[in-house]
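Residue numbers (the working numbering): 309 to 745. Here a beta-carbon is modelled for each residue, glycine too, at the ideal position from N, C-alpha and C. Report on one structure; see the data block that follows.
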């Protein structure tokens, strides 16, 4: 029987390892004199869903809060919500279940009709002495569907009503300012003011926590690792819990079938198995972050013609916050030999090489203006759009229109009118965001 939980969110508190500082900080913010909203940030597979499930468990709440019955944690996966009405319908359903103390008969049943903010507030006003904490997972998905700046404005309004007490906890990869910009919310919006100024990042676990995560599940089935095996698994996986579990599970499975696992044998297997996740990470990084990771993986100096000192410092801070790099013996290091090996093998492949090797890269001429507009809105913030225009020899301020969406539309239209303009735009996008197209 496999003893490691790989892939699925952690449901039982006893299967959750580490994150003690982040958990304590979470309850300090939401359980203070007045509940405050906060943002939880992490790369894909950092354990954001497991974290939200853990802090909402009654047993865990009782460890940190003296009056746990006064708190209602409502978890919503935003990837299931395509419209604000979907969100409010799901929220209303879960509030009715949580506040009435009954178990749901059908988790997928939503309220009939177009549920709105006012329907939700009708229920909230009936419970002025309960503190409602909305745990909004996969918050990046507000970039899709029909969510716009009005939705975020309504969320802020819900936290400001005096007749009940409510706070929002969002979990995402993109920070709130980036998400807001991508759906048209101006950076001066009061929406951002309700959130605690410092997000809670979910980087890798501490080394003692990694060791416990490696040893304990295996020992429950009678398999005990030698110290050198634990060191090899940790060196391979790094410290992000999903990758520790996946690597430890492969090690466990290899031993279970009588094969002696080794660092060099497991490394290429895990590079192949985890490539989809690393590829997703890479697409979400900017050029300077990629340059820094590549230089660390290759043990070479950073090319400062691609990444200036100020940008490099910002990239280092962000990569460390997400747990993609960790302090090494003499400098920073890529978090885990598997990720470092993936970077060495795949992350520096050029577009021309991919096409020669029969890759699936799309020809620039095959990308439609509509696709380009959507990609720019989804993947580029205001500053990155300015840089893109600069690289293309354009002045961002002279593009017609107000707001990000209008500027992007006019940029694509302008490049479409120029000879080979769309091809140049695709090339510029790929230089900043990799092969998202």
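With a threshold of 8 Å on Cβ separation, who are the neighbours of residue i within its own chain once the five nearest residues in sequence on each side are excluded?
i: residue 361; result: 317, 318, 319 and 383
i: residue 709; result: 715, 717 and 718
i: residue 700; result: 723, 732, 733 and 736
i: residue 358; result: 317, 318, 324 and 549
i: residue 558; result: 569, 574, 577, 578 and 581
i: residue 609; result: 603
i: residue 629; result: 349, 509 and 511
i: residue 367; result: 321
i: residue 538; result: 519, 522 and 523
Quick one: what does DSSP say residue i is sitting in, helix, strand or coil?
i: residue 379; result: strand
i: residue 748; result: Because the chain spans 309 through 745 in this model, residue 748 falls outside it and cannot be assessed.
i: residue 440; result: strand
i: residue 473; result: strand
i: residue 312; result: coil
i: residue 348; result: strand
i: residue 426; result: helix
i: residue 281; result: Within the shown structure, residues of the chain are numbered from 309 to 745, placing residue 281 beyond reach of any answer.
i: residue 610; result: coil
i: residue 749; result: The question about residue 749 has no answer, for the chain in this structure spans 309 to 745.
i: residue 641; result: strand
i: residue 325; result: coil
i: residue 508; result: strand
i: residue 448; result: helix
i: residue 574; result: helix
i: residue 667; result: Low confidence applies to residue 667: its pLDDT is 41, below 50, so where it sits in the model is not reliable, and the reading given next is rough at best. DSSP places residue 667 in coil when its eight states are reduced to three.
i: residue 384; result: strand
i: residue 404; result: helix
i: residue 488; result: helix
i: residue 615; result: coil
i: residue 356; result: helix
i: residue 657; result: Only weak support is given to the placement of residue 657: the predicted model assigns it a pLDDT of 31, under 50, and the question is left unresolved by the model.
i: residue 456; result: coil
i: residue 534; result: coil
With distance defined between alpha-carbon atoms, name the residue in the options nearest to residue i.
i: residue 562; options: 533, 584 and 587; result: 533
i: residue 513; options: 492, 632 and 365; result: 632
i: residue 523; options: 738, 311, 739 and 740; result: 311
i: residue 385; options: 337, 529 and 446; result: 446
i: residue 352; options: 696, 589 and 638; result: 589
i: residue 615; options: 607, 634, 630 and 595; result: 595
i: residue 470; options: 342, 651 and 738; result: 342
i: residue 647; options: 692, 521, 605 and 679; result: 605
i: residue 720; options: 683, 601, 479 and 364; result: 683
i: residue 811; options: 599, 364 and 356; result: Since the first residue shown for the chain is 309 and the last is 745, residue 811 is missing from the structure and cannot be characterised.
i: residue 518; options: 511, 494, 547 and 500; result: 547
i: residue 457; options: 367, 640, 487 and 698; result: 487
i: residue 681; options: 730, 474 and 628; result: 730
i: residue 634; options: 601, 691, 585 and 326; result: 601
i: residue 654; options: 327, 587 and 536; result: 587
i: residue 607; options: 591, 651 and 738; result: 651
Using a Cβ-Cβ cut-off of 7 Å (strictly less than) and excluding sequence neighbours within five positions of residue i, which residues of its own chain qualify?
i: residue 686; result: 451 and 490
i: residue 476; result: 345, 442, 444, 463 and 467
i: residue 649; result: 575 and 579
i: residue 713; result: 492 and 685
i: residue 356; result: 348, 350, 445, 479 and 510
Sorted by chain position, which residues of the same chain lie with C-beta nearer than 6 Å to residue i's C-beta, five sequence neighbours on each side aside?
i: residue 540; result: 571
i: residue 454; result: 391
i: residue 645; result: 543 and 544
i: residue 339; result: 373
i: residue 435; result: 407
i: residue 395; result: 389
i: residue 472; result: 432, 433 and 436
i: residue 430; result: none
i: residue 314; result: 553, 554 and 557
i: residue 528; result: 311
Exposed or buried, which one is residue i when buried takes at least 16 other CB atoms within 10 Å?
i: residue 626; result: buried
i: residue 603; result: buried
i: residue 642; result: buried
i: residue 725; result: exposed
i: residue 516; result: exposed
i: residue 749; result: The first residue shown for the chain is 309 and the last is 745, placing residue 749 beyond what the model contains.
i: residue 597; result: buried
i: residue 398; result: buried
i: residue 678; result: exposed
i: residue 565; result: exposed
i: residue 593; result: buried
The segment 336 to 356 / the segment 477 to 485 touching (three or more Cβ pairs under 8 Å): At 8 Å Cβ cutoff, the stretches touch.
Within 8 Å, do at least three Cβ pairs link the segment 454 to 471 to the segment 331 to 339? Taking 8 Å as the limit for Cβ pairs, the verdict is that the segment 454 to 471 does not touch the segment 331 to 339.
Indicate whether the contact test is met: 3 or more Cβ pairs, each with one atom in the segment 425 to 437 and one in the segment 464 to 475, closer than 8 Å. Between the segment 425 to 437 and the segment 464 to 475, the count of C-beta pairs closer than 8 Å reaches three or more; the two stretches touch.
Check whether the segment 501 to 521 and the segment 364 to 374 touch, using three or more Cβ-Cβ pairs below 8 Å as the test. The segment 501 to 521 vs the segment 364 to 374: no contact.
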